[in-house]
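*Asks:* What follows is a structure written as structure tokens; I'll ask about it next.
Chains as they are written, first to last, in this note's numbering: chain G, 102 to 567; chain C, 4 to 264.
Pasting the structure below:
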């Protein structure tokens with residue numbers, strides 16, 4: 102790609118050069134001073150500092166959403182909004198809750214990876230792998246950095262796109278993220294370049310992507326392809342109770358981006374994420390979104406189909422066990438003619454857990470010949486569990502084809518008896534039925550994720566039954 | 004080994020379906036349980052397998068393997084004791100392949116229980132060994148290998164489902180196998196294959212109970228014993244000649260003999 106002007110020192114307001122190994126932790130709570138401090142410590146350009154401060158004002162003004170899950174228990178004053186990643190590993194393996202350690206053992210995760218996932222180590226020991234991938238990417242002109250480095254090294258490119266499809270005033274948590282963001286990924290794929298291997302967040306040396314307020318920006322230039330994978334199936338333990346991320350993706354003409362997430366936060370976390378893709382002419386944007394963990398997730402990956410013939414797809418899996426609420430789904434907004442979208446949602450509620458499908462299909466008058474299909478299937482494991490569907494359709498042209506299918510089913514006694522007669526315990530039988538139910542989406546995942554997800558569902562079912 | 008059913012009475016939603024049924028099965032023998040529709044044949048099979056839908060109010064009712072009472076065991080525990088039931092109407096499990104079900108089932112029945120709370124038990128067979136076994140058994144039954152990758156009982160014909168039940172019986176190597184109307188919906192070729200497989204099971208030492216309301220399959224598998232169930236009670240027991248008699252004369256005389264309550 103064409104190099105953007107890089108002048109890391111000159112671009113910073115304070116002419117401040119970030120020292121190595123500098124440890125900084127903001128005070129608890131939010132204030133303009135804290136936001137200023139965050140920006141200062143990161144040595145950001147002035148426009149980003151202003152962006153953050155404006156976002157903070159918007160955050161203060163916006164009320165909490167009155168729909169979705171119960172957000173009233175979030176105490177915004179009791180949160181550290183910025184901790185330099187180096188400080189996060191000052192925690193020992195022994196400090197992790199026993200359930201988390203047990204689960205790592207039972208899934209069979211290698212030691213190094215366990216410590217990373219547990220937040221004990223801030224670096225995943227895959228530097229060798231990372232470096233060879235990085236060399237390949239460099240040759241193709243692909244940029245793959247953490248967001249902070251992306252801003253430092255490519256400020257003009259970042260400025261052009263950052264906050265343009267998810268502006269701070271979009272919603273309260275997008276505003277919070279805009280004010281306090283740290284970490285996340287920055288990816289630029291040049292015209293016509295196909296990145297063959299999925300880019301995985303944990304192949305980066307700076308593992309700041311697991312932060313509370315990460316921010317990801319992906320730009321796929323014309324005719325390019327990239328598959329980005331974030332998160333992992335193993336539970337991510339964090340003492341932080343709020344995760345509010347923003348992901349913005351630009352799919353240019355004829356390009357294709359697939360973004361895969363497996364979210365398994367520990368069950369104390371509020372997971373409130375805004376994800377949006379803007380898809381130009383004949384481009385393809387795909388979200389594969391799996392939500393297993395967290396106390397409450399509110400997440401509706403969106404595709405904005407701006408160019409004619411653009412396609413968007415959302416595949417969503419949600420699993421809610423005891424005490425969990427997964428409010429998930431997807432949005433597709435058609436602006437251009439002959440655009441197509443498909444949203445497939447599969448949710449499983451178990452042990453009193455609650456899942457909600459929430460979706461929006463909007464077809465503008467300009468989107469003649471648009472096609473859209475929504476399929477949402479819910480599976481209830483027991484009578485204590487709950488599932489709701491909140492589909493919204495706003496269709497402003499007659500020339501369009503719309504399909505909507507929704508089913509709610511319960512695991513049948515007959516199915517259970519059949520599988521148990523084959524020697525499977527009740528928990529194994531239920532896990533098998535659940536895994537079969539989500540199979541159409543799981544088969545779209547990279548193999549290792551699919552295998553781990555199946556094993557994880559099995560563990561969850563054992564836990565909820567025993 | 005011996006599977007013994009003693010004084011078994013069963014209710015479903017206040018309706019009595021079985022009345023004081025007693026019978027026993029030995030490993031390595033073939034039994035036929037005959038009777039008109041609605042006589043309680045399928046219920047008996049379901050109860051032996053442990054379907055929790057039925058009530059068993061009589062405290063004298065027992066199902067034993069040798070001296071062990073299995074009546075309080077769950078279906079999976081009974082499967083591990085060596086009981087297998089081929090369902091009259093096999094149940095669909097979307098998204099779960101035949102191969103995956105059988106691999107998991109084989110491991111559950113024949114694998115050692117995992118130590119502690121690990122997920123991965125000591126495998127009874129390696130994945131490779133198991134696949135070899137499964138492919139071979141499928142071939143014996145004339146089941147295309149491609150079926151093993153398809154979802155359990157999903158979009159299969161009636162006859163194909165029956166063959167897949169047969170495949171499960173062959174693969175899981177039970178001590179006692181109950182075949183509930185395995186012969187319905189099968190053409191002659193398939194019927195002969197199924198019959199041959201039952202004889203294979205018998206030779207391997209499995210005790211087989213064939214549940215049927217007509218005699219067609221018994222032409223190909225000669226049972227060692229025949230029991231006739233009418234209105235929830237065993238009304239006649241005998242050898243193969245009993246089955247031939249039923250083919251000729253139907254169930255009329257048994258229905259007449261049996262006092263209704």
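Note that beta-carbon positions come from the ideal geometry of N, C-alpha and C, so glycine has one too.
It should be emphasised that the depicted structure is a prediction, and the values quoted were computed from it without experimental measurement.
Given a cut-off of 9 Å on the beta-carbon distance, is the pair residue 44 (chain C) and residue 245 (chain C) in contact?
*Replies:* No, the pair does not count as a contact, with Cβ atoms beyond the cut-off.
*Asks:* Report the neighbours of residue 153 (chain C) on chain G: residues whose CB is nearer than 8 Å to its CB, in chain order.
*Replies:* The premise fails here: residue 153 (chain C) is roughly 12 Å from chain G at the closest Cβ pair, so nothing lies under 8 Å.
*Asks:* Please report whether the beta-carbon of residue 552 (chain G) lies at a distance below 9 Å from any beta-carbon of chain C.
*Replies:* Residue 552 (chain G) does not count as touching chain C.
*Asks:* Enumerated in chain order, which unbroken segments of the beta strand (DSSP E) with a length of 3 residues or greater are wholly contained in the region 161-223 of chain C?
*Replies:* Listed in chain order, the complete beta strand (DSSP E) runs (minimum 3 residues) inside the region 161-223 of chain C are 179-183 and 210-215.
*Asks:* When you compare the CB of residue 365 (chain G) with every CB in chain C, is at least one pair closer than 9 Å?
*Replies:* Not one chain C Cβ lies under 9 Å of residue 365 (chain G).
*Asks:* Using alpha carbons as the reference points, say which of G:526, G:405, G:510 and G:360 lies closest to residue 538 (chain G).
*Replies:* Residue G:510 is the option with its Cα nearest to residue 538 (chain G).
*Asks:* Candidates C:179, C:215, C:160 and C:67: which alpha carbon is nearest residue 185 (chain C)'s?
*Replies:* The option with the nearest alpha carbon to residue 185 (chain C) is C:215.
*Asks:* So, does the CB of residue 524 (chain G) fall closer than 9 Å to a CB anywhere in chain C?
*Replies:* Taking Cβ atoms only, chain C reaches closer than 9 Å to residue 524 (chain G), which makes this a yes.
*Asks:* Counting only runs that start and end within the region 267-301 of chain G, where is the beta strand (DSSP E) found for 3 or more residues in a row?
*Replies:* Counting whole runs of 3 or more residues, the region 267-301 of chain G contains the beta strand (DSSP E) stretches 286-290.
*Asks:* Using 10 angstroms around the beta-carbon of residue 131 (chain G), count the other beta-carbons present and answer buried if the total reaches 16, otherwise exposed.
*Replies:* Residue 131 (chain G) should be labelled buried.
*Asks:* For residue 384 (chain G), which three-state DSSP category applies?
*Replies:* Residue 384 (chain G): coil per DSSP, three-state reduction.
*Asks:* Please report the straight-line C-alpha distance between residue 417 (chain G) and residue 487 (chain G), rounded to a whole angstrom.
*Replies:* Taking the straight line joining both Cα atoms gives about 17 Å.
*Asks:* Would you mind telling me which residues of chain G sit closer than 8 Å to residue 161 (chain C), beta carbon to beta carbon, in chain order?
*Replies:* Those within 8 Å of residue 161 (chain C) in chain G number zero; the least Cβ separation is about 16 Å.
*Asks:* Using a Cβ cut-off of 9 Å, which residues of the region 501-531 of chain G contact any Cβ in chain C, in chain order?
*Replies:* Within the region 501-531 of chain G, the qualifying residues are 513, 514, 515, 516, 517, 518, 519, 520, 521, 522, 523, 524, 525, 526, 527, 529 and 530.
*Asks:* Nearest to residue 194 (chain C) by CA position, among C:80, C:54, C:156 and C:145, is which residue?
*Replies:* Comparing Cα-Cα distances from residue 194 (chain C) to each of C:80, C:54, C:156 and C:145, the minimum goes to C:145.
*Asks:* If you draw a straight line from the C-alpha of residue 199 (chain C) to the C-alpha of residue 41 (chain C), how long is it?
*Replies:* Computed Cα separation, rounded: 28 Å.
*Asks:* State yes or no: is the beta carbon of residue 254 (chain C) nearer than 9 Å to at least one beta carbon in chain G?
*Replies:* Chain G contact via Cβ: absent.
*Asks:* Express the C-alpha separation of residue 560 (chain G) and residue 138 (chain G) in angstroms, rounding to a whole number.
*Replies:* Distance between the alpha carbons of residue 138 (chain G) and residue 560 (chain G): 43 Å.
*Asks:* Taking only three categories from DSSP, how would you classify residue 80 (chain C)?
*Replies:* If DSSP states are grouped into helix, strand and coil, residue 80 (chain C) belongs with the helices.
*Asks:* Nearest-angstrom Cα distance between residue 172 (chain C) and residue 530 (chain G)?
*Replies:* Looking at the two C-alpha atoms, the distance is approximately 18 Å.
*Asks:* Whole angstroms is fine: what's the gap from residue 331 (chain G)'s alpha carbon to residue 496 (chain G)'s?
*Replies:* If you take the alpha carbons of residue 331 (chain G) and residue 496 (chain G), they lie about 33 Å apart.
*Asks:* When you compare the CB positions of residue 245 (chain G) and residue 286 (chain G), do they come within less than 9 Å of one another, or not?
*Replies:* In this structure, residue 286 (chain G) lies closer than 9 Å to residue 245 (chain G) by Cβ.
*Asks:* Counting only beta-carbon atoms, is residue 566 (chain G) nearer than 9 Å to chain C?
*Replies:* Summary for residue 566 (chain G): the model assigns pLDDT 47, below 50, so the residue's position carries little reliability, and this model does not support an answer.
*Asks:* Give the list of continuous beta strand (DSSP E) stretches no shorter than 3 residues that lie fully inside the region 402-451 of chain G.
*Replies:* Qualifying beta strand (DSSP E) stretches, in chain order: 403-406, 412-421, 426-435 and 441-450.
*Asks:* Which class does residue 329 (chain G) belong to by DSSP, given the choice of helix, strand or coil?
*Replies:* If DSSP states are grouped into helix, strand and coil, residue 329 (chain G) belongs with the strands.
*Asks:* With a threshold of 6 Å on Cβ separation, who are the neighbours of residue 182 (chain C) within its own chain once the five nearest residues in sequence on each side are excluded?
*Replies:* So the list reads 89 and 213, once near-sequence residues are dropped.
*Asks:* So does the region 132-142 of chain C actually touch the region 77-93 of chain C, counting three or more Cβ pairs closer than 8 Å?
*Replies:* In short, these stretches do not touch, since the Cβ pair count stays below three.
*Asks:* How long is the line joining the alpha carbons of residue 182 (chain G) and residue 369 (chain G), rounded to whole angstroms?
*Replies:* Going from the Cα of residue 182 (chain G) to the Cα of residue 369 (chain G) covers about 17 Å.
*Asks:* Under 7 Å between beta-carbons, which chain G residues line up against residue 52 (chain C)? List them in chain order, please.
*Replies:* Chain G residues near residue 52 (chain C): 522.
*Asks:* I'd like the span of the alpha helix (DSSP H) that includes residue 259 (chain G), first residue to last.
*Replies:* It spans 256-262 - the alpha helix (DSSP H) in which residue 259 (chain G) sits, taken as one unbroken run.
*Asks:* Are residue 562 (chain G) and residue 532 (chain G) close, meaning C-beta to C-beta below 9 Å?
*Replies:* Cβ distance < 9 Å, so residue 562 (chain G) and residue 532 (chain G) count as in contact.
*Asks:* Compare the C-beta of residue 111 (chain C) against all C-beta atoms of chain G and say whether one is closer than 9 Å.
*Replies:* So, interface residue.
*Asks:* Determine, for residue 158 (chain C), whether the minimum Cβ-Cβ distance to residues of chain G falls below 9 Å.
*Replies:* So, not an interface residue.
*Asks:* Which stretch, first to last residue, makes up the beta strand (DSSP E) that contains residue 354 (chain G)?
*Replies:* That residue, residue 354 (chain G), is in no beta strand (DSSP E); it is neither H nor E in DSSP.
*Asks:* Return the CA-CA distance between residue 75 (chain C) and residue 66 (chain C), expressed in angstroms with no decimal places.
*Replies:* Residue 75 (chain C) and residue 66 (chain C): Cα-Cα distance of roughly 9 Å.
*Asks:* Looking at the unbroken alpha helix (DSSP H) that takes in residue 510 (chain G), where does it start and where does it end?
*Replies:* Where residue 510 (chain G) is concerned, there is no enclosing alpha helix (DSSP H), although the beta strand (DSSP E) it sits in stretches over 501-511.
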